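Numbering-wise (the working numbering), the sequence shown opens with residue 10 and increments by one. Please read the structure below before turning to the comments.
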Amino acid sequence: MSNAQDSSASANKPAWGENVVVDFEDGIAWVTLNRPTRRNAINPGIVWEMNAIMDALEEDDRCKVMVVTGAGESFSAGMDLKEYFRATDKVPPIQRERLFRANAAWQWRRMMHYPKPTISMVNGWCFGGAFQFLVGSDLAIASEDAVFGLSEINWGIIPAGIVTKAVLEVMSFRDAMYYIMTGETFTGKQAAEFKLVNKAVPAAQLKDATRELAKTLMAKNPFVLRQAKTACRFTRDLTWDQAAEYLMAKSDQTELRDPENGRNVGMSQFLDKKSFRPGLEAYDRG
Ligand code: COA
């Protein structure tokens, strides 16, 4: 997508395109971190552009599923040690905090509750801060030979931001401890075994596999999909009784607000028309 697309951009400066590019393809917004010479390390430019992109895609009908990936041989080498850390060491704390807040916003606060489905497509190096949006996204697919690492221990810091918490959200305690403490790298194949990503495929199949997954999601009722993923995020930390109460309320809300009236359409297609089997596919959305 060209830079001219964004009406929200300030006077002469496009809201994105310098550090991140967006391409639309049949309902998929491919959002590519585009600093390959810096291995797509997250600099302030990426932070501001990703926030603008997420604002825009929320309302853009060309985006039904958002895929985040990296240009070249890297998904993301984590936070940019020069531009994000060293360069901000001496700026007024209020400015630094604003930047850090904006980074947390796109990488996990907004990502985790994004109204549209999100997929991380891990095409190569994935370090440190990149784990935040990797875990923040709903689903993740990696190239088998992608290389992951919690490298913080190797350069004298702890995995902060929210990295430690994010890793513990999906990996086992033992695996998280091991890789946080040793800084050893692991492959995409191992990442799938650790459940850090949903699956790993050979590099040559990565884009097709991601596209297939996006298509599967796009066949579903988008409002119900949003409700389902929101329920997943929130139910996790509730007791069983609280979860039952919350899910009942969420379910009622879904039925009341679903513009497609999916529950009744699906039920009728199965019970009356006998035109599909919900165990095997999504109802026909017409
Ligand atoms: N921050 C700032 N610059 C980075 C960076 C980062 N996280 N990761 C890579 N770069 C820069 C390098 O400094 C280098 O710049 P230069 O061309 O001016 O020398 C350039 O990107 C290419 O990196 P290089 O190390 O030469 O590439 P590589 O392919 O040999 O190795 C990595 C790739 C990812 C293994 C290696 O760059 C690396 O270890 N990066 C740091 C990863 C990390 O610890 N991230 C955690 C941050 S929270």
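For every residue, glycine included, the Cβ atom is placed at its ideal position computed from N, Cα and C. None of these values were measured; they are calculated from a predicted model.
Short Cβ contact (8 Å threshold) for residue 294 with residue 269: yes
Start and end of the beta strand (DSSP E) containing residue 39? 37-42
Just to check, is the beta-carbon of residue 193 closer than 7 Å to a non-hydrogen atom of ligand 1? no
For the alpha helix (DSSP H) that residue 216 lies in, which residues bound it at each end? Looking at the DSSP string, the run of the alpha helix (DSSP H) that includes residue 216 is 215-227.
Sequence-distant residues of the same chain with beta carbon closer than 6 Å to residue 98, five excluded per side: none
How is residue 33 classed by DSSP in three states: helix, strand or coil? strand
How long is the line joining the alpha carbons of residue 273 and residue 291, rounded to whole angstroms? 13 Å
When every heavy atom of ligand 1 is checked, does at least one fall within less than 7 Å of the C-beta of residue 288? no
Within its chain, find whatever has a CB closer than 7 Å to the CB of residue 234; leave out the 5 residues flanking it on each side and keep chain order. Close CB contacts of residue 234 within its chain, under the 7 Å cut and outside five residues either way in sequence, are with 126, 226 (chain order).
Going by DSSP, what residue range makes up the beta strand (DSSP E) through residue 148? 148-152
Given a cut-off of 8 Å, decide if residue 128 and residue 179 are closer than it, judged by their beta-carbon atoms. no
Of the choices 130, 35, 95, whose alpha-carbon is the least far from that of residue 42? 130
C-beta atoms of residue 29 and residue 62 nearer than 8 Å: Going by C-beta atoms, residue 29 is nearer than 8 Å to residue 62.
Give the DSSP-derived three-state secondary structure of residue 302 in the structure shown. Any property of residue 302 remains undetermined from this structure, which presents the chain solely from 10 to 295.
Do the stretch 161-173 and the stretch 202-213 meet, that is, are 3 or more Cβ pairs less than 8 Å apart? no
Return yes when the C-beta of residue 89 is under 7 Å from any heavy atom of ligand 1, and no when it is not. yes
Per DSSP, what are the beta-bridge partners of residue 79 in this structure? 42
Residues bridged to residue 65 by DSSP? DSSP output for residue 65 lists no bridge partner at all.
I think residue 175 touches residue 136, with their Cβ atoms under 8 Å apart; what is that distance to the nearest whole Å? In fact, because the Cβ distance is near 13 Å, the residues do not count as touching under 8 Å.
Just to confirm before moving on: does the CB-CB distance between residue 117 and residue 171 stay below 8 Å? In this structure, the beta-carbon distance from residue 117 to residue 171 falls below 8 Å.
Can you check whether the C-beta of residue 287 is within less than 8 Å of a C-beta belonging to chain B? Looking for chain B here will not work: only one protein chain is present.
Using only alpha-carbon positions, find the residue among 88, 267, 39 that is nearest to residue 56. 88
From residue 17 to residue 283, what distance separates their C-alpha atoms? Only weak support is given to the placement of residue 17: the predicted model assigns it a pLDDT of 45, under 50, and the question is left unresolved by the model.
Three-way DSSP call (helix, strand, coil) for residue 276 in this model: helix
What span of residues does the alpha helix (DSSP H) with residue 260 cover, start to end? It spans 249-266 - the alpha helix (DSSP H) in which residue 260 sits, taken as one unbroken run.
Unbroken alpha helix (DSSP H) run spanning residue 130, endpoints: Not the alpha helix (DSSP H): residue 130 falls in the beta strand (DSSP E), residues 127-131.
Does the stretch 70-84 come into contact with the stretch 104-116, if we say contact requires no fewer than three beta-carbon pairs (one atom in each stretch) closer than 8 Å? no
Can you grab the Cα-Cα spacing for the pair residue 59 / residue 133, in whole Å? 20 Å
Provide the residue span of the beta strand (DSSP E) that contains residue 135, from first to last. Segment 134-136, the beta strand (DSSP E) holding residue 135.
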